[in-house]
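Engineer: Read left to right, the sequence shown gives residues 444 to 1172 (the numbering used here).
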Amino acid sequence: MNSKETSIVKVAIDVPIDDFFDYECEENVSLGQAVLVPFGSRKVIGVVVEVDSSTELEAHQIKKIIRVNHDILFNEELFKLFKFVSSYYHYPIGQTIHIAIPSNLKKTEKVLNKKSYIYEATNLLNESMIEQINARKKNLIQIAKIIFKEKQTDEALKSISINWKKYVKDLIDLNFVIEREFHKTEIIKQTKALKLNQEQSEIYEKILGAQGFEAFLIYGITGSGKTEVYMHLIEQYVKNNGQVLILVPEINLTPQLEDRFTSRFSSYSVISLHSQLTQKKRLENWEQAKNGKAQIIIGTRLSVFTPFKNLRAIIMDEEQDLSFKQHDKLRYHARDVAMMRAKLLNIPFIAGSATPSIEIWHRSVNENKLLLYKLSTRAVKDATLPKINIIKDETNIENEGISEYLKSAIKHHLDLRQQILIFINRRGYAPVLFCSSCGWYASCSRCSSKLVVHRSKQHLRCHHCDYQRGVDTSCKVCGNVDLMSLGSGTQKVEERINKLFPNAQVRRVDRDTIKTKAALDKLYDDMNHKKIDILVGTQMLSKGHDFPNLSLVIVLDSDNALYSSDFRASERLFSQLVQVAGRAGRGSTPGEVVIQTNFPEHPLYQSVKNQDYESFASEEINLRKELNFPPFCFQAVLRAESKNKKNLESFINQVYSIASKSGIKEVDVFHPVQPILDRVKGFERYQIYFHSTSRQILNQFLRIVKEKILKEKDLNKVKWNIDVDPVDF
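1. Classify Q1130: buried if its beta carbon has 16 or more other beta carbons within 10 angstroms, exposed otherwise.
2. Check each candidate in Q901, G930, P1043 and Q861 and name the one with the smallest Cα separation from K974.
3. What do you get for G844, buried or exposed, if any count of 16 or more other CB atoms within 10 angstroms of its CB means buried?
4. Report the residue ranges of all alpha helix (DSSP H) runs contained in full by the region 1001-1085; include only those spanning at least 4 residues, in chain order.
5. Considering only residues of the region 629-671, which uninterrupted alpha helix (DSSP H) runs meet the minimum length of 4 residues and lie entirely inside it, listed in chain order?
6. Going along the chain, which residues of its own chain have a beta-carbon closer than 6 Å to the beta-carbon of Q911, five neighbours each way excluded?
7. Sort K733, A599 and S1105 by Cα distance to L688 and report the nearest one.
8. Helix, strand or coil: how does DSSP classify V472 here?
9. Let me check understanding here. Comparing Cα to Cα, which of E493, L568 and M572 lies closest to K387?
10. Counting C-beta neighbours from all protein chains within 10 Å, is the total for I739 16 or more, i.e. buried, or is it exposed?
11. Suppose the cutoff is 6 Å on Cβ atoms and the five residues either side in sequence are ignored; what does the same chain contact list for E1084 look like?
12. Is the shortest distance between the beta-carbon of K850 and the beta-carbons of chain D less than 7 Å?
13. Is the separation between the beta-carbon of A1024 and that of P829 shorter than 7 Å?
14. Is it right to say C890 is buried, meaning 16 or more other beta carbons lie within 10 angstroms of its own, or is it exposed?
15. Going by the beta-carbon positions, is the gap between A1102 and V1148 smaller than 7 Å?
16. Can you tell me which of the three DSSP states N1164 falls into?
17. Would the region 865-872 count as touching the region 932-940 if we require 3 or more Cβ pairs under 8 Å?
18. Thinking S709 and R821 are a contact (beta carbons under 8 Å), I'd like their distance in whole angstroms, please.
19. Three or more C-beta pairs closer than 8 Å, one from the region 572-582 and one from the region 510-526: is that the case here?
20. So K830 is in the beta strand (DSSP E); what residue range does that whole segment cover?
21. R1015 to S746, Cα distance in whole Å?
22. Once you ignore the five residues that flank Y531 on each side, which residues in its own chain have a CB closer than 7 Å to its CB?
23. In three-state terms, what does DSSP make of W705?
24. Buried or exposed: D964, going by 16 or more other Cβ atoms within 10 Å of its Cβ?
25. Taking the alpha carbon of R1067 as the point to measure from, which residue in R1011, N1053 and N1087 has its own alpha carbon closest?
26. Considering only their Cβ atoms, is the gap separating V713 from T721 smaller than 7 Å?
27. Which ranges would you report for the beta strand (DSSP E) in the region 560-619 if only whole runs of at least 3 residues count?
28. Where are the alpha helix (DSSP H) runs, 4 residues long or more, that stay fully inside the region 836-865, in chain order?
29. Roughly how many angstroms separate the alpha carbons of L943 and G980, rounded to a whole number?
30. Just the C-alpha distance for I457 and A947, rounded to the nearest angstrom, thanks.
31. For I443, report the span of its alpha helix (DSSP H) as first-last.
32. Could you check whether the region 669-686 touches the region 788-804, counting it as contact only if at least three pairs of C-beta atoms, one from each stretch, sit closer than 8 Å?
33. In chain order, what residues of the same chain lie with their CB nearer than 7 Å to the CB of N445, ignoring the 5 residues before and after it?
34. Is the region 460-479 in contact with the region 493-512, if contact means three or more CB pairs nearer than 8 Å?
35. For the beta strand (DSSP E) holding E1127, just list the boundary residues, first then last.
36. Taking the CB atoms as reference points, tell me whether Q1039 and I801 lie closer together than 7 Å.
Written as structure tokens, this is what we have:
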């Protein structure tokens, strides 16, 4: 703490400048405190990063801090992490820090957190008393009955009546109900821990015995019980007020995992952090993690920057998933940031996957940077890996992708009263609206992409910028009215399955149908109660979901990845196929998987059929070594975009000249190219790739190039960014 009357403090502000700003402060402040400061003509929230500082500014140039918010947002450990992330990913330090802060804390007016409440019946409330309530007050009677049966949260009562508060107040005034602040664990029924098998027990003991920082990879086949190992470890880590961060790739995995962990750890506080939370709820959960009230935190990639009081371990499930990489602003990879944070805190980092990323597998198997442990059998007794059949796609326009073989397989499993998943990783009805007379196709006016046919709303939609228009009834070039919807999406497959099996309950699952947690919860509930026979879905269903009655998985149209120019395309396809295949046979019923392809003899499909990740990974690593691709080199890409193509081309050529003349020979500078999608939302795009066998030298090179670009005033007409360790091209 500073005891002087006034002092100079450095403040991080959310602006694209690689520096802090000096302010005069008349109060005692600490590292990590939020302050309200004048910045130009605005008042903004900043974060104190240095106290008792010196300044090169004249006295009249230094402005005073307006207000000190006494909550400390982060500590020295997190500040070190921010500096590492800012330096490694070449992103302004002020913006790096502010990305980690909930939006409500950055408002200039103080935001009050809304508390949740629980309502419980008193001894005075019983069935006879409920009968005495005026019969015309139906909602009041309903609420009284529900609370009498089981205590209820305010969230649960909202669904009964918009006037629920009035009815509850009436019951409170009658001393029938009491109101208390709600803590989530109060109404959870606890589930017992499962006994670990021998493989699981050995891994559990070895990881638990680790001292300080150690990185682990749990490689386990789908359904092998990785989550159960996590939970046994967590049970030990959360003792004595410890905390655990569990990183998951998708928002749609969070509710199911949260429910599972909450029921298992009913005496602990389990919270989630993800983008679908309201700002108030996110701030509430963030503060519970910061002050130690929450012991188990399940979050998507941004939660890696959450402050904790006593973090004991970081667990990353589905480590291979691309969702852990941020694709705009601060382009960080949550896996690498999490490992650095674990190292700074001297705690274990545990990654788990049935198909680890090639980089992590190489680091484990060939470089021993992570300790590798394997789970080779399914955890549920008598459960076996599904049988995978690779069949030739012999379909035509008439049967719309569903061959006789597939129809027979679906009928067989329906007769067994089992559930079926049909996987096609493409939303909409059809990917192309095409004129067979002249070759015209419906395209987006803002992007270099085709418009997707969406039959349910009778419109065409761009999946890159969300531009929409009605479905064309004639060709824009030749006037032909006989337009064709080529290819299949989830809507077309759903339509076809409904025609073939009219008595089956079919449900489509994609981003157009599942937009809220409530919709996702209903899907789980309907599947578990066998209200759904056939699911038609995208990658939303390919991992993390456990449907014990699902015995058949069908994969359609997966060949596109085989034509991709992205060197990671095969890895992604293999991972996706194994993950979606793993949804079958997770209970006691044997599972079956059918993958329909034009290339059934392709080595990748044969590896999937044999469920042999290790052989696939070995071949992939050898190929990348031969081509000098990651993990045998390090990559970065400078991307630029502008609505003015002339300005863009001038910029990218000047950057290429700067990079080529850097004097650092250990970095390969590739010629500027336009990506496959060379226009998005009206912006033309270019990019330059950089390769090096040294991470440190590449980082030094990028710093030099960035500084030179920033010094050139005529280069500020174009939007540009640097992406370190890119995962898409």
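Don't be surprised by glycine CBs; every beta carbon is placed ideally from N, CA and C.
Structural biologist: This is what the structure gives:
1. buried
2. Q861
3. buried
4. 1012-1024, 1046-1052 and 1056-1070
5. 641-651
6. If we look at Q911 and ignore the five residues flanking it on each side, its Cβ neighbours are H902 and R904.
7. K733
8. coil
9. In this structure the chain extends from 444 to 1172, so residue 387 is not present and cannot be described.
10. Per the 10 Å Cβ criterion, buried.
11. F1126, R1128 and K1162
12. Annotation note: the requested chain D is absent from the structure, which comprises a single protein chain.
13. A contact, by the Cβ cut-off of 7 Å.
14. C890 should be labelled buried.
15. yes
16. strand
17. yes
18. Cβ atoms of S709 and R821 stay farther apart than 8 Å, at about 27 Å.
19. no
20. K830 to K835
21. 24 Å
22. Answer for Y531: N1142 and V1167, listed in chain order.
23. Here residue 705 turns out to be Thr, not Trp, going by the sequence shown. In the structure shown, T705 sits in a helix (DSSP, three-state: H, G or I).
24. exposed
25. If you compare the alpha carbons of R1011, N1053 and N1087 with that of R1067, the shortest gap goes to R1011.
26. no
27. 560-564
28. 847-858
29. 17 Å
30. With the sequence shown as reference, residue 457 is identified as Asp, and Ile is not the correct amino acid for it. Looking at the two C-alpha atoms, the distance is approximately 54 Å.
31. This structure cannot settle anything about residue 443, because the visible part of the chain is limited to 444 through 1172.
32. yes
33. No answer about N445 holds up, because its pLDDT of 43 lies below 50 and its placement is not dependable.
34. At 8 Å Cβ cutoff, the stretches touch.
35. F1126 to S1135
36. no
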